[in-house]
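The next block holds one structure in the form of C-alpha cells; read it before the comments.
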Amino acid sequence: MPIFSRQALYLGLALSLSTLIWHSISRGSWWPVEDNFDSFIWLATLLAGIVLYVQRVKPLPGLDWFVMPAVVILLILAGIFGRTRPHEYVESAWHWSHRVTAYGGAVAFAVAAAVGAMYLIVNGRLRSKRIASGPELGSLERLENLTRLSVTLGFALLTVGLVTGLVRALDSSTTMGRHWFASPKVLLACSVWVVYALVLHAPINPSFRGRRAALLSVIGFVLMIGTMIAVQFMPEATR
Amino acid sequence: MQRLFMLGVNHRTASLELREKLAFSNAQLEAALIQFREKFPDCEAVLLSTCNRVELYVAKSAQGHPDTDQAIDFLSSMREVSALAIKPHIYEKSERIAVEHLFSVASSLDSMVLGETQVLGQVRQAYDRAADMRLTGAILNPLFQKAIAVGKQVLSATPLAEGRMSLASVAVAYARRIFESFSDKTVLSIGAGKMAQLVIRHFAELRPKSLLICNRDREKADALALVNGGSPVSFENLSDHLTLADIVVTSTGAQHPIITRKTFDGIRKARRYRPIFLIDIAVPRDIEPAVGEIENVYLYNLDDLQQVISQTQASRSDTTALARQIVAGHVEEFSRWHRARELGPVIDQLYRRYHELARGELSRTLGKLPNVSNAEKQHLEDLTRRIVNKLLHDPIKRLKESDSMHQASAQYIHALEKLFQLDEHPDSEGAPIEPANP
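The listed protein sequences correspond, in order, to chains B and L. First residue of the first sequence: 92, per this note's numbering; consecutive thereafter. First residue of the second sequence: -7, per this note's numbering; consecutive thereafter.
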C-alpha cells in the first residue's frame, strides 16, 4: 500500500507538471501563476513535492496523510475557481513578486498546518496516555521544529507578498481605490500575518511554544484558505 | 489440621492511590509482622508488598484466628486505611486456589508485565523476612519454597521472559515520542533503586548530553553514576536539576511526593517551558498528579506504563499457555503432598481408634468365653480387624480421592475430626497402625 500510494503521488506530480507545461505552451507564456487555475495547480504540485522530499530525506510517518488532503482540496479549488484567462492586472514585476511570494507562503503554511495538526494529535495521545492508538506520527520535538521552520519560511514569503501587494495597491494605476486598507483581502491577509507572527514570537515568549503554536499554525492556515477563497468572490478590481 | 488462605489487593482490583496507601516500606513490614505475631501467635503468615500488590498469606488451625475479616482489619489498622475503603477491592482465596494464586504471582503470570523477574525476588524477600521472624512453619515454608521454584522454572523454561517488554523499554519508547534526539537532553534520576537502575541503563544507552543521579545516599548515587557514565548530584538542589532536566525518572521510597505542583510552577519559566518527560515509578508516588496537568509536562506513573505493556501482551496469550501448564502441574503436586500430609494423621487416628474399640470389645467377649482356643482367638481377632477395615474402607477411599486443598475435602476432614472426636484424642495411645486395605 505505501509503495502504491508513493507511485500514485509520483504519477499525480507528473500529471500536474504536464498540465502546467501544456497550459504554458497553449498560452504562449511560461509564467506559472498567470491565472488562477495554474496557481492552484502549482500550489498542489509544490506541496506534493515537499511531501516527497521530506519522506525521501528524513521520513516523517503520517505526513502524507495530513498534506495530501490539502493537495486534493487545491486541485478541487482549481476545478471550481480556476480560470485559464490571465488576470489583466498581472503585468508588472511587483505583481509577479506578490503572487509568487503569497503562493509560496501558502505552501509553507499548508505544511505548517499539517505538521501542527500532527503535533496536536501526538500531544493529545501523550497526554491521554493512548500512545498506542493510531499510526505513528513522529516525535513532538521534530513536529515542533518542522512547524517552526515552515512558519518561518511562510512568514517571510507572506511578508514579502504583503509588501509587494501594498506597493501594487498604492500604485495609482490599480483600481483598489484609496481605501485599499479597508479591503477584505488586505484585512484577511494582515490577520493571517498577525497569527503567524504570534507563532513566531515563541522564542521571545516561550509559553507560546508547543500546543499553542501548533494550534495557531492550523488557525492561520484556515484563515489563509478563507482569504484565498474570499478573493475569488471579490470584484476583480478590488483583488 | 491447618488451613491456608490469602487476601490482598493488586493492580487489577485497586487503583494506584489505594495501593500506595496500603504499600508497606521495609520498616513498616517488619513492624506489621511483629504485630501480627503478637496478635495471632499460633499462625503462620507472609506479607508481600510490591508496587502492584499487597497480599497477606495465612496458615492457621481450622478453628483458629484470624478469619478474613480480622485479617482485613489488621491490614487496615497497620496502614491506617479504613477497612470499608479496602473491602470492595480485596480478593480472598483459600486452599488450592490460594496456592495457585501464589504460584502465578511468583511466575509473573499475575503481573501487569508478563515475564518480569522482579516479582520473584519480591516473593523470596517476603518469605525470607517472615521466616527470619519465625512466622512460617509447616505450611508456608514448603508453600513459598515451592512457589519460588515454580517461578524460577516458568521464567527460565518458557518464552515468557524472553519476549517481555520491560518497563524501561516502554519508558524509552515514550521518550522517543516526545524527543527526536537525545544528544542535547539531560536525564535526571531521583532515587537509585533497582527499578531506577534498569530505566536509567536504558536511557544511558541513548547517549544523552548529561545523566544526573540524585539520591539521598551519595554512595549509591556515585555507584549508579559510575556504571552509567553519569554525574552524581546533591538532593538538596533538586529544583536546579529539574530546571536542567528533559527526562526525569523518580523511584524514591519517600512516603510523600517530592515534586509538587508548586515546585514545578516555580521552575517552569526558568525551564523556558521546554517539554519534560516525568517517569514516576515509585509507590507511593514521588510526583504529585497535578504536575501532569501542566502544559508541556508529560507525567507517567507505574500504572500508565504497565497499562501499555499489558495491552501489548494481551495479544500474546499463547505464550502464557505453557507457563500456566507448568503452574497447574505444580499446584497438583503440592496438593498431593498436602493431601498426604493432612490425611495421614487423620486416617491413622481413625484406624487406631476403631481397632482399639474392636480390640476392647473382643477382649470383653473373650473374657466371657473361657474355652476359646488360641487358634479360635486368632480367628476372632482377624474377624474384628477385617470388620473395622471394611467399615472404614469406603469413607477412607472417598477421603483419599478428594483433594485436601479443596474446601469440600477440608469439610470432610473437619467432619471426621468432630464426628469421631479425633481432635480430642491425639495419637498418644500406642496401638499399632493398621493397614488401610481390608
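Built from N, CA and C at the ideal position, the CB exists for glycine as well. Every value quoted in this text rests on a predicted model; they were computed, and no experiment measured them.
With respect to chain L, the C-beta atom of residue 298 of chain B has a partner C-beta closer than 9 Å. Secondary structure at residue 282 of chain B: helix, using DSSP grouped into helix, strand and coil.
Checking the DSSP bridge columns, you'll see residue 83 of chain L partnered with L/0.
Residue pairing for residue 37 of chain L: DSSP places it in a beta bridge opposite L/50.
DSSP places residue 240 of chain L within a strand segment (E or B) once states are collapsed to three. Of all residues in the segment 243 to 268 of chain L, those with a C-beta nearer than 9 Å to a C-beta of chain B are 260, 261, 263, 264, 265, 266 and 267, reading in chain order. Neighbours of residue 195 of chain L in chain B, taken as residues at a C-beta separation under 9 Å, are lacking, since the least C-beta distance is about 15 Å. The continuous beta strand (DSSP E) containing residue 269 of chain L extends over residues 268 to 272. Identification of residues in the segment 169 to 183 of chain L having a C-beta nearer than 7 Å to some C-beta of chain B yields 169, 170, 171 and 172, given in sequence order. About 53 Å separates the beta carbons of residue 95 of chain L and residue 371 of chain L, which is beyond the 8 Å limit, so they are not a contact pair.
Under the 9 Å criterion on CB atoms, residue 217 of chain B is classed as interfacial with respect to chain L.
Taking the C-beta atoms as reference points, residue 391 of chain L is found no nearer than 9 Å to residue 354 of chain L. Looking at L/413, L/74 and L/85, the one whose alpha-carbon comes closest to that of residue 49 of chain L is L/85. With its beta carbon less than 9 Å from one in chain B, residue 299 of chain L belongs to the interface.
One Cα belongs to residue 278 of chain B, the other to residue 277 of chain L, and the distance between them is close to 53 Å. Under the three-state reduction of DSSP output, residue 250 of chain L falls in the coil class, being neither helix nor strand.
Distance from the CA of residue 324 of chain B to the CA of residue 248 of chain B, rounded to the nearest whole angstrom, comes to 24 Å. Sixteen is the threshold: when 16 or more other Cβ atoms of the shown chains lie within 10 Å of the Cβ of residue 268 of chain L, as they do, the residue is buried. DSSP places residue 166 of chain L inside the alpha helix (DSSP H), whose first and last residues are 159 to 170. For residue 289 of chain L, the uninterrupted beta strand (DSSP E) run begins and ends at 289 to 293, by DSSP. Under DSSP, residue 178 of chain L shares a beta bridge with L/202.
For the segment 270 to 291 of chain L, residues whose beta-carbon sits nearer than 7 Å to a beta-carbon of chain B comprise 287, 288 and 290.
The beta carbon of residue 196 of chain B sits closer than 7 Å to those of 245, 248, 249 and 252, all from its chain and outside the five residues before and after it, given in chain order. DSSP places residue 279 of chain L in the strand class (E or B) of the three-state scheme. For residue 153 of chain B, no CB of chain L lies under 9 Å from its own CB, so it is not counted at the interface with that chain. Selection B/215, B/214, B/207 and B/260 evaluated against residue 189 of chain B yields B/260 as nearest (Cα-Cα). The straight-line gap separating the alpha-carbon atoms of residue 315 of chain B and residue 301 of chain B is approximately 21 Å. Beta bridge pairing from DSSP links residue 152 of chain B with no other residue. Counting C-beta pairs closer than 8 Å gives fewer than three between the segment 122 to 132 of chain L and the segment 165 to 178 of chain L, which falls short of the contact rule. For residue 95 of chain B, the number of other beta carbons within 10 angstroms of its own is below 16, and it is reported as exposed. Within a 10 Å sphere around the beta-carbon of residue 235 of chain B sit 16 or more other beta-carbons, which makes this residue buried. In terms of beta-carbon proximity, residue 259 of chain B stays away from the interface with chain L, with every pair separated by 9 Å or more. Taking the C-beta atoms as reference points, residue 151 of chain B is found nearer than 9 Å to residue 233 of chain B. Of all C-beta pairs linking the segment 279 to 292 of chain B to the segment 245 to 263 of chain L, fewer than three are shorter than 8 Å, placing the two stretches out of contact. Proximity of the segment 252 to 266 of chain L to the segment 190 to 202 of chain L falls short of the contact definition, fewer than three beta-carbon pairs being nearer than 8 Å. For residue 142 of chain L, the enclosing alpha helix (DSSP H) begins and ends at 132 to 149.
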